[in-house]
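For the sequence shown, the working numbering gives the first residue as 352, with consecutive numbering after it.
We put the CB at the ideal spot given by N, CA and C, even for glycine.
Written out below as structure tokens is the structure these notes cover.
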Amino acid sequence: MSVALRMALERDPDVALGTITTAATALGVAVVAGVAEAPSRGLHLSSAWPFLLAGLLSPGAAQILVTIAIRDSGASRVSMVFGTAPVVSVAIALIFLGEPARAPLIAGAVLVVAGGVELARERERPAHLNRLGLLYAFAGASLFAVRDNLVRHLAVGQTVVPPAVAAASALLGGTALIAVWARQGIGRRWLRFVPAGLLFGGSYVALFEAYYRGRVTVVAPLVAIESLVGVALSALLLRDSELVGKRLLLGAALIVAGGALIGATR
């Protein structure tokens, strides 16, 4: 999603248009998934309001920050910052959800942090990179982490809402917030942002399905593999503007190693 959104933003840097199109397209994907899931589990729309509110955090406020970050700092480095979100997720899960603190989980989280440190030490940066964009990315990633824990808390014996319906509800809440924010900036050049929205929608539904089945301390760090994929695709598709160097690759490798360690813990 990050790379697809960056490619669209290079053609049209309209953050408002990019954010609302991405979120609205993802909402469409989630609605289709929710309807497909309904025959076996029901929709339970009246019980979905907590997910609607969670969506105000992410994808609502978070997606606004993330789109700005990708425009200002590029897809590869923002993907790396996303990789630090599991550390926040794991910390919240350990403190507030009472999930067990096992040594491999902590070690995996440390590796993820080490990957973020490599990003901070990087010297070869593209001229367009704005450090403020990385702060926006981290703020967005932190909102992702809060959302992750809210979803997991609701999913464990707290709701009858199926995961795809929950994902659609969160995307509806987030899209509504983004629409209020972006109403002055919406134009007609929305088609170029649709691929990012399709990818975002598919990943969002998959994420909710995962949190209905697994602990935050397991799922969130595995999601950090996104960092390696984002860096690899940036090097392949955006090599002229992203300047993917050794430290960036090392950081991505550390994050993936952390995710693999946590996955092996199960």
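Between the CA atoms of residue j and residue i - distance to the nearest angstrom
| i | j | result |
| --- | --- | --- |
| E361 | R422 | 8 Å |
| A456 | R540 | Ala is not the amino acid found at residue 456; the sequence shown has Leu there. C-alpha separation (whole angstroms): 44 Å. |
| P364 | E388 | 36 Å |
| G379 | A399 | 17 Å |
| I415 | A367 | 8 Å |
| F544 | G449 | 40 Å |
| M352 | A377 | 11 Å |
| K597 | A384 | 39 Å |
| L480 | A547 | 21 Å |
| H395 | A405 | 17 Å |
| L573 | A458 | 13 Å |
Close-in-space but distant-in-sequence residues of the same chain around residue i (CB under 7 Å, 5 per side omitted)
| i | result |
| --- | --- |
| A381 | A515, A518, A519, L522, G552, Y555 and V556 |
Residue i versus the options, residue with shortest Cα-Cα distance
| i | options | result |
| --- | --- | --- |
| I419 | V512, V569 and A492 | A492 |
| V567 | M358, A488, V468 and I446 | I446 |
| M431 | P546, A488 and G524 | A488 |
| R564 | R428, L486 and A506 | A506 |
| V511 | A367, V386 and S397 | S397 |
| V408 | T526, A533, L558 and P546 | The question names Val, yet the displayed sequence has Leu at residue 408. Minimum Cα distance to L408 is reached at T526. |
| I371 | P451, L589, V569 and V417 | V417 |
| L588 | G425, H395 and R498 | G425 |
| A452 | A374, L486, V569 and Y562 | V569 |
| Y562 | L584, D591, G609 and Q509 | Q509 |
| V502 | F402, L528 and V531 | F402 |
| A374 | H504, A460 and A413 | A413 |
Contacts around residue i, its chain only, beta-carbon distance under 6 Å, and the 5 residues preceding and following it disregarded
| i | result |
| --- | --- |
| L601 | E469 |
| I606 | G434, V463, G466, A575 and S578 |
| I603 | Reading the sequence as shown, one finds Ala at residue 603 and not Ile. Closer than 6 Å at the Cβ level, and outside the excluded window around A603, lie S578, L579 and V582. |
Within-7 Å CB hit, residue i to chain D
| i | result |
| --- | --- |
| A533 | The displayed structure is made up of one protein chain only, and chain D is not part of it. |
Practice item. Just list the alpha helix (DSSP H) runs in the stretch 555 to 616, keeping only unbroken ones of 4 residues or longer that don't cross its boundaries, in chain order. Key: 567 to 574, 576 to 588, 590 to 593 and 597 to 616
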